[in-house]
Amino acid sequence: AAAVALVALAAAWLLRRRSHTPGRGIAAQPLVPPPRAHELPLPPAGDLVPPPIVPEEPFLCVATTEPRTAAAASRPIDWPCVVHVLHDEGLASEIAEQLATSPTLPHGLALVRTSCASFKQIAWGGSARHVAVLIVSTLENEQPTEEAGQMVRFFMRRAHPAGMLTGKLAYAVLGLGDSNLLLDRQTTSAKDCNQVAQRLDKRLAELGGMPICARGEADDRTGNCEV
């Protein structure tokens, strides 16, 4: 399912991204798991003893507000293990609920549901870093829902400085549309009825946001099979 895949990709991204190189954006730093018992070096022949058992510990990423001083520049800045799922009404809300209660969520990952109408609860453009999945619908005349309208207009403002979200937002977008509304076309697909998601995805990238994966798009006419 596209929605579950977006969250799974966000989780995988969080586990991969562990450091920030000043001036070069987010850089990947692979996680090195603790050695397993069978991987430990053996003692000299004739002095064999059972190797110690090394317990496996979960990888955690913790938010940090430590300033990037010269001393701290060489240390990694971790992204928080929290995925914000912003959604509008209807099917988008149902998908967000399914994600929040999914038994397949990785251990240690927190998923926070937030209505698009309450998007300002997140400090966009501030010093904090965020990982977000945005689920938005497109209505007639390529317009957002009332619940998501203010959020979409906020990001579309031309007054925002370039790079407002650079190093501060990793995101994925899922669009929900209905090509039944396109009565003037004989052939339609999900890409023809998800203009809000397309505009939002493009704008977040322009502001410096880092897309975790390709945008997802679903069409109600075909039963939202993409979801």
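Residue numbers (mature numbering (1 follows the signal peptide of the UniProt record, and there is no 0)): -19 to -1, 1 to 208. Here a beta-carbon is modelled for each residue, glycine too, at the ideal position from N, C-alpha and C. Predicted, not measured: the structure shown is a model, and the values here were computed from it.
**Prompt:** Excluding the five sequence neighbours on either side, which residues of its own chain have a C-beta within less than 8 Å of the C-beta of alanine 186, listed in chain order?
**Reply:** Pro192
**Asked** Are there three or more Cβ pairs, one per stretch, closer than 8 Å when the stretch 141 to 152 is compared with the stretch 81 to 94?
**Response** no
**Start-to-end residues for the beta strand (DSSP E) that takes in arginine 94** = Note, arginine 94: beta strand (DSSP E), 91 to 96.
**Message:** So, at 6 Å on beta carbons, what are the nonlocal neighbours of asparagine 175 in its own chain, with the 5 sequence-adjacent residues on each side left out?
**Reply:** Thr119, Gly156, Gly158, Glu198
**Where the beta strand (DSSP E) through alanine 109 begins and ends** = Neither: alanine 109 is in no beta strand (DSSP E) and is coded neither H nor E.
**Request:** Report yes if the C-beta distance between residue 215 and aspartate 182 is below 7 Å; otherwise report no.
**Result:** Missing from the structure shown is residue 215; the chain here goes from -19 to 208 and no further.
**Request:** Tell me, please, whether the stretch 106 to 119 touches the stretch 64 to 73 by the rule of three or more beta-carbon pairs shorter than 8 Å.
**Result:** yes
**Prompt:** So is cysteine 97 buried or exposed if we call it buried at 16+ other beta carbons inside 10 Å?
**Reply:** buried
**Prompt:** In the structure shown, what three-state DSSP assignment does serine 83 receive?
**Reply:** coil
**Request:** Report all residues from its chain with a CB closer than 8 Å to the CB of glutamate 123; omit the five preceding and five following residues, and keep chain order.
**Result:** When the five nearest sequence neighbours on each side are left out, the beta carbons in the same chain lying within less than 8 Å of the beta carbon of glutamate 123 are those of Gln176, Val177, in order along the chain.
**Prompt:** On the three-state DSSP scale, how would you describe isoleucine 76?
**Reply:** helix
**Prompt:** For alanine 195, which three-state DSSP category applies?
**Reply:** coil
**Message:** By DSSP's criteria, proline 125 is part of a beta bridge. Which residues make up the other side?
**Reply:** Thr119
**Asked** Do you know whose CA, among Cys194, Ser83, Leu188, lies nearest glycine 144's CA?
**Response** Leu188
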